[in-house]
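If you read the sequence shown in the numbering used here, its first letter stands for residue 6, the second for the next number, and so on. For each residue, glycine too, the CB sits at the ideal point set by N, CA and C. Being a predicted model, the structure only gives us computed values, none of them experimental. To start, the structure under review is shown below, and the notes come after it.
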Amino acid sequence: MFKRPENAVNFLKDAGIKPSVQRLRIYEFLSKSIEHPTVETIFNALSPEIPTLSKTTVYNTLKLFQEHGIIMVVNIEDNETRYDADTSFHGHFKCTKCGRVYDFPLSLEHTNTIGGLENYTITESHYYLKGICSNCK
Ligand SMILES: [Zn+2]
Ligand SMILES: [Zn+2]
6 MFKRPENAVN FLKDAGIKPS VQRLRIYEFL SKSIEHPTVE TIFNALSPEI
56 PTLSKTTVYN TLKLFQEHGI IMVVNIEDNE TRYDADTSFH GHFKCTKCGR
106 VYDFPLSLEH TNTIGGLENY TITESHYYLK GICSNCK
């Protein structure tokens, strides 16, 4: 399970990222969120307290985090990019009714059982499932 870094300033520094206030708040928001927010969601949540924040800044900051490997992108829908501070191996389930994206645990051994790719090297894996969540049933 994902463990949020206790000290986000040091965490960003260790990742080679200069911890400006905006970057810090964006990372903290993302690491506390369980809903895999979009740029829009993050912008709407943080702009009241950071009036100078723009959507472009949010987007560029997330891109920087992604390049440094501290967050990952969840592209469960073509038209909607979501972000996740949990970079450990796990799957995503999207409820088609409420639109929530849930995490579910996956073990790496699980991928070793996939047949037909014996001499291939897998560099990225994404597990996306869709359906109706237990809250909406
Ligand atoms: Zn639902
Ligand atoms: Zn996730």
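Residue i to residue j span [Cα, whole Å]
| i | j | result |
| --- | --- | --- |
| Lys142 | His95 | 23 Å |
| Tyr132 | Pro110 | 10 Å |
| Tyr32 | Val63 | 10 Å |
| Asn15 | Gly74 | 15 Å |
| Phe39 | Ile119 | Note that residue 39 is Ile in the sequence shown here, rather than Phe. C-alpha separation (whole angstroms): 29 Å. |
| Arg145 | Ser36 | Summary: the structure shown does not reach residue 145, with the chain confined to residues 6 through 142, and so no result is reported for it. |
Burial state of residue i (16 or more Cβ within 10 Å)
| i | result |
| --- | --- |
| Val26 | exposed |
| Leu58 | buried |
Endpoints, the alpha helix (DSSP H) within which residue i is located
| i | result |
| --- | --- |
| Lys37 | Val26 to Lys37 |
| Asn124 | That residue, Asn124, is in no alpha helix (DSSP H); it is neither H nor E in DSSP. |
| Glu45 | Val44 to Leu51 |
Of the listed residues the options, nearest to residue i (C-alpha basis)
| i | options | result |
| --- | --- | --- |
| Thr43 | Thr57, Glu54 and Thr61 | Thr61 |
| Lys99 | Ile81, Leu113 and Ile47 | Ile81 |
| Arg87 | Thr46, Glu11 and Thr101 | Thr46 |
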